[in-house]
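Worksheet: one structure, shown below.
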């Protein structure tokens, strides 16, 4: 990046509510049994879409059958546009980052297909299984007219989404870009977590859902924070390679810069060597809940709210990639 880009506003949809300050709050949770093994349970923090402020989207004709993910995303993005009425939505781009994406309706669709047969696969549910659909709902409802792009991949695809937004700004494609990371929860994902042993070392870690969004623009004096560098694409295929990728990523940044302590679950031991000797910051706080791409977005927002100097916020992917950003207030 030749010039820093500015974070101009943030939006949050999380189990605590829609205020960014609630990212630091203790969320209520409930026990959900793993669907194929009732003996295994995990705390899950979900969002009640029938409660305020999330219920304002329920009766919109386009969103009546939309997946929960669409509701999480539109709430976070709407907060940004409502806080910045000086910005023309028709000239705003939108980039979405997802790890599990449209899960709830995908599970329902394939359950119907496998139990009732192909002839009875629901044409109503299928459109909501497509990962591009949630952003289509968002831009249609909020009249966003710039380019729109959905990125799926590792948890850390949030950093790749930020790089895409930075390129759009540098190329002059748009004046502003909203980057949003979101996830929804379905109990079937507990099977995936168990099979991958992502949380074996930290069984107390729960699962959450929601979204976080940031508004990016060219360097501005009224910015909440500046992004000075985006590093992504540090890939791995196993845990040994993950340690090497972490060391390579950390080595990209000035040794004097503190790193936000964001490693959780199996990534904590994998990155411990890479972070040895580095100054660790608690700017992103502590959380017992993981929401994947949404967590990466929330960690960025937490850092914007709490960091008092230049800081590296790493995004330790769970399955394939690692990335990081360097920000300052």
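In this note's numbering, the protein residues as written are -17 to 311.
Don't be surprised by glycine CBs; every beta carbon is placed ideally from N, CA and C.
Around the Cβ of residue 168, a 10 Å sphere holds 16 or more other Cβ atoms; the residue is buried.
Under the three-state reduction of DSSP output, residue 65 falls in the helix class. With 16 or more other CB atoms across the displayed protein chains lying within 10 angstroms of its CB, residue 71 is buried. With a beta-carbon spacing of about 6 Å, residue 216 and residue 303 fall inside the 8 Å limit used to define contacts.
Taking a 10 Å sphere around the C-beta of residue 97, we find fewer than 16 other C-beta atoms and assign the residue as exposed. Beta-carbon to beta-carbon, residue 208 and residue -14 are separated by about 4 Å, close enough to satisfy the 8 Å threshold. Straight across, the Cα-Cα distance linking residue 239 with residue 266 is about 15 Å. In the three-state DSSP reduction, residue 50 falls in the helix class (H, G or I).
In this chain, residue 216 is not harboured by any alpha helix (DSSP H); it is covered by the beta strand (DSSP E) spanning 207 to 217. Note on the segment 144 to 190: whole alpha helix (DSSP H) runs with a minimum of 4 residues are 170 to 178, in chain order. Positions of the alpha helix (DSSP H) runs, each at least 4 residues long and wholly inside the segment 218 to 296, are given as 221 to 232, 249 to 254 and 275 to 288 in order along the chain. Residue environment analysis places residue 247 among the buried positions, since at least 16 neighbouring C-beta atoms fall within 10 angstroms of its C-beta. Scanning its chain for C-beta atoms nearer than 7 Å, with the 5 sequence neighbours on each side dropped, one finds around residue 89 the residues 168 and 170, in chain order. For the pair residue 251 and residue 224, the Cα-to-Cα distance works out to about 10 Å. Setting aside the 5 residues that flank it on each side, residue 155 is surrounded in the same chain by 75 and 129, each with a C-beta closer than 7 Å to its C-beta; the list follows chain order. Contact annotation: residue 292 and residue 310 have beta-carbon atoms nearer than 9 Å. If you compare the alpha carbons of 165, 226 and 138 with that of residue 296, the shortest gap goes to 138. Taking 9 Å as the cut-off, the Cβ atoms of residue 120 and residue 56 count as close. Residue 134: member of the beta strand (DSSP E) spanning 130 to 134, first to last residue. In the DSSP secondary-structure assignment, residue -12 is bridged to 199 and 208. Among the bridge pairs identified by DSSP, residue 310 is matched with 208. Looking at the DSSP output, residue 76 bridges to 130 and 160. With fewer than 16 other Cβ atoms inside 10 Å of its own Cβ, residue 34 counts as exposed. Residue state for residue 58 is assigned as helix, using DSSP reduced to three classes. Residue 3 is bridged by DSSP to nothing; it lacks a bridge partner.
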